[in-house]
DNA sequence: CATGATTGTTAGCCAAGGCTAAACTGTTTG
DNA sequence: CAAACAGTTTAGCCTTGGCTAACAATCATG
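Protein chains in written order, with my numbering: chain A, 1 to 158; chain B, 159 to 316.
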């Protein structure tokens, strides 16, 4: 029953990089990320629906499915959820529309997305990489950071 | 409720912001994000275990649970998964250790995390915000962008 | 050294977000 | 105008990642 436990011990903090954040703060970090994950997908759908409406005049489930690379059944299920959340109005077998709340969310998401995307390009990231990274990052950037990104981009472009 | 469709219609692309990306590219963006989500949590656990080992000499389930703000049962279940994936070795009721592969993952994650964190600080983001944002962003930053962030940070600090 | 506190595990529940297969609707066209 | 096809929905399944409650092991300590 002896403890093993490689005594790799006593690692002096000075040699082992940044210290652990205080417990409370650390916990808050993870919680924030978990919360973001809950809304992330919803926002992506709403944003995409908004984009389809703006660019195509309609948003069909099939388009969403192919753009998201997901099955139509998955989209259908998600639409019901969006409906229940009061973000879209849908009549069976017809195009979707956003409720007022949905439009607000789409607008906000699109704005965030664009700030991040333009920021990455201003930083010097290749366009197609920037698109991919922006898609992943947009939901994890605080308002504070977003504002800084925007300022940075503007300075770069002047 | 029936005022459908602000006829914002026929939106000329020039007025409606960036065009939709070509379908294939668009689909790849979402796929990349979905894939990131699958490994994200795993990496967070492994990274945290690595940090606990470095700073404390041991990684107990209770510590992980409180730092992640998650129940012990959740941690216990996750540890079995990490075990199955060959990332940690665990004997019941004992501290965890990382396998060689786990250590590699922890190292890589930690490095990414630090690059993003230091980049955000160099950009001018407040420390506690930077920590939160870094936690969320780290899994969505491509190698290309990461390299650019690192260069930027170094220039800033010179 | 017994016992209570702490820590870890197991069982069983739930929601989210995927999937395929099958059923249904709407549209196009022969 | 009927049949075929494209689009949509439903049913039912799976995995992940949470949770609580009950139980088990370990550890401190009176």
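Just so you know, even glycine gets a beta-carbon here, dropped at the ideal spot from N, CA and C.
Remember, it's a predicted structure, so these values are computed and weren't measured experimentally.
Rounded C-beta distance between residue i and residue j? I'm assuming under 8 angstroms.
i, j, result
"residue 271(B)", "residue 198(B)", "Going by Cβ atoms, the distance from residue 271(B) to residue 198(B) rounds to 12 angstroms, so no, they are not a contact pair."
"residue 273(B)", "residue 136(A)", "Contact doesn't hold; Cβ gap of about 16 angstroms is too wide."
"residue 218(B)", "residue 253(B)", "6 angstroms"
"residue 302(B)", "residue 125(A)", "6 angstroms"
"residue 189(B)", "residue 106(A)", "In fact, because the Cβ distance is near 22 angstroms, the residues do not count as touching under 8 angstroms."
When we look at the beta-carbon of residue i and count the other beta-carbons within 10 Å, is it buried (16 or more) or exposed?
i, result
"residue 29(A)", "buried"
"residue 275(B)", "buried"
"residue 19(A)", "exposed"
"residue 50(A)", "buried"
"residue 147(A)", "exposed"
"residue 98(A)", "buried"
"residue 292(B)", "buried"
"residue 221(B)", "buried"
"residue 289(B)", "buried"
"residue 210(B)", "buried"
"residue 225(B)", "buried"
"residue 181(B)", "exposed"
"residue 238(B)", "exposed"
"residue 54(A)", "buried"
"residue 160(B)", "For residue 160(B), the predicted structure reports a pLDDT of 34, less than 50, and the residue's modelled location is therefore unreliable. A value from the coordinates is still provided. By the neighbour-count rule (16 or more Cβ atoms within 10 Å), residue 160(B) is not buried but exposed."
Short of 6 angstroms in beta carbon distance, which residues of its chain neighbour residue i, apart from the five on each side in sequence? Order them along the chain.
i, result
"residue 267(B)", "201 and 205"
"residue 104(A)", "none"
"residue 149(A)", "115 and 119"
"residue 161(A)", "Residue 161(A) lies beyond the residue range present for chain A, which begins at 1 and ends at 158; the question has no answer from this structure."
Within the same chain, show all residues whose beta-carbon is closer than 8 angstroms to that of residue i, passing over the 5 residues directly before and after it, in chain order.
i, result
"residue 65(A)", "71, 72, 74 and 75"
"residue 21(A)", "29"
"residue 159(A)", "Lying outside 1 to 158, the shown extent of chain A, residue 159(A) is not represented and no answer is given."
"residue 184(B)", "178"
"residue 83(A)", "89 and 90"
"residue 93(A)", "none"
On the DSSP bridge list, what partners appear for residue i?
i, result
"residue 274(B)", "None, per the DSSP bridge assignment."
"residue 89(A)", "97(A)"
For residue i, which residues from the same chain have a beta carbon less than 7 angstroms from its beta carbon, with the 5 sequence-adjacent residues on both sides left out?
i, result
"residue 259(B)", "244 and 245"
"residue 236(B)", "203"
"residue 285(B)", "279"
"residue 193(B)", "none"
"residue 129(A)", "none"
"residue 195(B)", "none"
"residue 56(A)", "none"
Scan the segment 18-31 of chain A for residues whose Cβ lies nearer than 8 angstroms to a Cβ of chain B and list them as they occur along the chain. 18, 19, 20, 21, 23, 25, 26, 27, 28, 29, 30 and 31
Interface positions of the segment 45-64 of chain A facing chain B (Cβ-Cβ less than 7 angstroms), listed along the chain: 51, 54, 55 and 57
Interface residues of the segment 282-309 of chain B facing chain A [CB-CB below 7 angstroms]: 282, 283, 284, 286, 287, 289, 290, 291, 293, 294, 295, 298, 299, 300, 302, 303 and 306
Please name the residues in the segment 77-88 of chain A whose beta-carbon is closer than 7 angstroms to at least one beta-carbon of chain B, in chain order. none
In the segment 93-109 of chain A, which residues sit with their C-beta less than 8 angstroms from some C-beta in chain B, listed in chain order? 97
Please identify, using Cβ separations under 8 angstroms, the residues of the segment 189-200 of chain B that lie next to chain A, in order along the chain. 189, 190, 191, 194 and 195
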